[in-house]
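K.L.:
Protein chains in written order, with my numbering: chain U, 100 to 299; chain A, 235 to 498. Backbone N, C-alpha and C fix where the C-beta goes; we use that ideal spot for every residue, glycine too. Below you will find the structure I want to go over with you.
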């Protein structure tokens, strides 16, 4: 069997489509090959400029993706990371309370307040629900803990404002094991208080 | 009206007078309003003023930095999804993770986990975040924890600032050989703890690099450590310290700084 150039004039529409697709695939393969070459050239240029990858390891990097047998440690590209905290955006509390929700109403909630700045007797207050950010409103449940801060906020431009801020405590969802452990602990406490046997 | 105070339900607690608008749009009780006035008056008349404060929790152990990415935090319910989307300057890599949210910065390497904030309103929230993280990653080996408080104070009077340095480190011995000697840095350590834990308390005092002129920087490192126990990664001890000691630690650190500043 010999390969001959197909006679396009006599081929059917379906055959021509198939040939066209094959042609496109060939073109794409060629394009991918070009991209690979381009990528290698970019890597090559980076090697020259940044020395991020040593020449001798280049082949190693291409085939040894898991680094199980790499001869030398990979050097990370040089980069600038500012690891300092941005103290330009800061808040100093004048008054701080730790609070927990007592009751939730339609558009407000009542909470008990524990003064963290000047410890004293507990207080109670009613907060409008709109003071809680929309993403935190589902956290407003009886017993939920939140912090209420009044203080001076300085933003990155240096502008100072006296602000009041509520932040609800977020805890990870309880797992079945956590719930089982809490039930077990509750039952033990109940049995100890009532003097009942821990059986059953 | 922000919050309407009402008499507490229990008879043992104080009965509140009518709500009174004392702090912008915030309605608070008369007692609280006068408390604010006292605080503001005291602040205005202090020889020093608190300019910047920050807290950091540093845990030493074995960590996997690549876990700590914004999506993981939000998928575990630890931060709202919008905050995860707002995370800036973050790098997540096998060797290092750096993550900056508006209220907390997290930095993790294989040996060290740091969560820090310069917003005093969020000191407790950062502690809660760390407790939540390691309640989820409860098998993470760890052996040491530091509860750190940092503060920059500004002296109203530069002469008083210099005098403060001389009081902390008298210069008589130095003046024999140096002209106009000045204190730049001082480290004082308490090598034992009196709360039953192993560790130490270290206070660093320096000339402030951020508050000039007349700025003093303090860092109190409240360091806890515990011996590795057979079969226990140490997470439980770290969480116990964070839950029980965090508030006490910050209060003790504040008192230490205030006490040093009181000689000014």
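1) Residue 367 (chain A) and residue 480 (chain A) - do their beta-carbons sit closer together than 8 Å?
2) Counting contacts by CB-CB distance shorter than 8 Å, is residue 275 (chain U) in contact with chain A?
3) Checking 8 Å against the spacing of the C-beta atoms, do residue 204 (chain U) and residue 243 (chain U) come in under that value?
4) Expressed to the nearest angstrom, what Euclidean distance is found between the alpha-carbon atoms of residue 440 (chain A) and residue 402 (chain A)?
5) When you compare only the Cα positions, how much space is there between residue 302 (chain A) and residue 193 (chain U)?
6) Once DSSP output is grouped into helix, strand and coil, what is the label at residue 299 (chain A)?
7) Determine the contact status of residue 360 (chain A) and residue 351 (chain A), defining contact as a CB-CB distance below 8 Å.
8) Using a Cβ-Cβ cut-off of 6 Å (strictly less than) and excluding sequence neighbours within five positions of residue 252 (chain U), which residues of its own chain qualify?
9) How close, in whole Å, do the beta carbons of residue 333 (chain A) and residue 339 (chain A) come, if the pair is a contact with beta carbons under 8 Å?
10) By the three-class DSSP mapping on this structure, what secondary structure does residue 467 (chain A) have?
11) Any heavy atom of the ligand GTP closer than 7 Å to the Cβ of residue 404 (chain A)?
12) Pair every Cβ in the segment 293-310 of chain A with every Cβ in the segment 341-358 of chain A, then say whether three or more of these pairs are closer than 8 Å.
13) Helix, strand or coil: which one does DSSP assign to residue 446 (chain A)?
14) Along chain U, which residues have their Cβ under 8 Å away from the Cβ of residue 287 (chain A)?
15) First and last residue of the beta strand (DSSP E) that includes residue 266 (chain U)?
16) At the level of alpha carbons, what is the spacing between residue 209 (chain U) and residue 202 (chain U)?
17) From the DSSP output, read off the bridge partner residues of residue 491 (chain A).
18) Identify the residues that DSSP records as bridge partners of residue 372 (chain A): which are they?
19) Taking the beta carbon of residue 387 (chain A) as the centre, do at least 16 other beta carbons fall within 10 Å, making it buried, or is it exposed?
20) Can you round the beta-carbon distance between residue 234 (chain U) and residue 498 (chain A) to whole angstroms, since I take them to be within the 8 Å contact cut?
21) Give me the residue from A:449, A:457, A:377 with the minimum Cα distance to residue 392 (chain A).
22) Decide if the segment 457-474 of chain A is in contact with the segment 394-409 of chain A; the criterion is three or more beta carbon pairs, one per stretch, under 8 Å apart.
23) Thinking just about the alpha-carbon of each residue, which of A:328, A:410, A:370 is nearest to the one in residue 273 (chain U)?
24) Exposed or buried, what is residue 288 (chain U) when buried is set at 16 or more other beta-carbons lying within 10 Å of its beta-carbon?
25) Can you tell me which of the three DSSP states residue 304 (chain A) falls into?
26) Please check if any C-beta of chain A sits within less than 8 Å of the C-beta of residue 229 (chain U).
27) Can you list, in chain order, the residues of its chain whose CB lies under 6 Å from that of residue 308 (chain A), leaving out five sequence neighbours each side?
28) Roughly how many angstroms lie between the CA atoms of residue 271 (chain A) and residue 421 (chain A), to the nearest whole one?
29) Return helix, strand or coil for residue 477 (chain A), following the three-state DSSP convention.
30) Is residue 299 (chain A) close to chain U? Criterion is C-beta to C-beta, closer than 8 Å.
31) Of the residues A:335, A:312, A:438, which one's Cα is nearest the Cα of residue 419 (chain A)?
32) Drop a sphere of 10 angstroms on the beta-carbon of residue 281 (chain U), count the other beta-carbons inside from all chains shown, and report buried for 16 or more, exposed for fewer.
33) Check the Cβ-Cβ distances between residue 449 (chain A) and every residue of chain U, and say whether any is below 8 Å.
34) What in chain U is Cβ-close to residue 311 (chain A), meaning under 9 Å?
35) Please compile the residues from chain U whose C-beta is within a distance smaller than 7 Å of the C-beta of residue 344 (chain A).
P.N.:
A quick look at the data gives this:
1) no
2) no
3) no
4) 12 Å
5) Rounded to the nearest whole angstrom, the C-alpha separation of residue 302 (chain A) and residue 193 (chain U) is 32 Å.
6) helix
7) yes
8) The answer, listed in chain order, is 190, 260, 262.
9) 7 Å
10) In this structure, residue 467 (chain A) counts as coil in the three-state DSSP scheme.
11) Looking at this structure, you won't find the ligand GTP or any other ligand, since it has none at all.
12) yes
13) coil
14) 189, 191
15) 259-267
16) Residue 209 (chain U) and residue 202 (chain U): Cα-Cα distance of roughly 5 Å.
17) Partner(s): none; residue 491 (chain A) has no beta bridge.
18) In DSSP, residue 372 (chain A) forms no bridge with anything.
19) buried
20) Wrong, their Cβ atoms sit about 44 Å apart, outside the cutoff.
21) A:449
22) no
23) A:370
24) exposed
25) helix
26) Chain A, which has no Cβ nearer than 8 Å to the Cβ of residue 229 (chain U), makes this no.
27) 315, 318
28) 36 Å
29) helix
30) no
31) A:438
32) Answer is exposed; the Cβ neighbour count stays below 16.
33) no
34) Within chain U, the residues near residue 311 (chain A) are 269, 270, 271, 272.
35) Those within 7 Å of residue 344 (chain A) in chain U number zero; the least Cβ separation is about 14 Å.
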